[in-house]
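In this note's numbering, each number is its position in the sequence shown, counted from 1, plus 20.
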Amino acid sequence: MGYTIDKVMTGAFDEVEAKVREALAEAGFGVLTEINVSATMKAKLDKDMPRYKILGACNPKLAYEAIGVAPRIGAMLPCNVVLREVEDGIEVSAVDPVASMLAVENDDLTEVASQVRQMLADVVAKL
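So, in structure tokens, the structure goes:
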């Protein structure tokens with residue numbers, strides 16, 4: 021089982037990021053965190069790398085539901101969406117929440133994770 025839902029897009033990095041943010045918002049996700057990995061690696065290690073950004077996306081309703089059935093699940097939230105420069109364009113990779121929560125044995129949580137997986141797959145497919 022893979023652990024991400026992926027799509028390679030053409031266009032400028034910032035344009036792809038704007039489309040991703042818009043698609044996430046339309047699906048009910050907010051971006052709670054943003055990590056510019058490439059800028060951090062340059063600042064901390066003086067290492068250059070292709071553009072790489074992590075968006076921490078959250079659907080508040082489903083996050084609340086997940087926390088209600090497994091209170092410590094917050095350690096695995098939010099749902100990360102990675103944008104990274106690759107040879108063919110910009111790869112967008114959304115976490116597969118079902119795959120990431122396999123270690124948690126809770127059928128109610130698996131049901132919530134399945135809903136989130138479908139929503140993220142729809143977002144990526146729409147891009």
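Every residue, glycine too, gets a C-beta built ideally from N, C-alpha and C.
Given the structure is predicted, the values throughout are model-derived calculations rather than measurements.
query	result
Roughly how many angstroms separate the alpha carbons of alanine 77 and proline 117, rounded to a whole number?	12 angstroms
Just to confirm the assignment, what range does the alpha helix (DSSP H) spanning tyrosine 84 have?	80-89
Less than 6 angstroms between C-beta atoms, sequence neighbours within five positions excluded: which residues of the same chain meet that for leucine 52?	Gly76, Cys78 and Pro98
Which of the three DSSP states is assigned to threonine 53 in this structure?	strand
How many Å lie between aspartate 108 and leucine 147 at the Cα?	16 angstroms
According to DSSP, is methionine 29 part of a helix, a strand, or is it coil?	strand
Apart from the five residues on each side of it in sequence, which residues of its chain come closer than 7 angstroms, Cβ to Cβ, to glutamine 135?	Leu82
Counting along the chain, where does the alpha helix (DSSP H) carrying leucine 132 start and finish?	The sequence shown places valine at residue 132, not leucine. Here the alpha helix (DSSP H) through valine 132 covers 127-146.
Can you give me the start and stop residues for the beta strand (DSSP E) that alanine 119 sits inside?	Here alanine 119 belongs to no beta strand (DSSP E); instead the alpha helix (DSSP H) covers 117-120.
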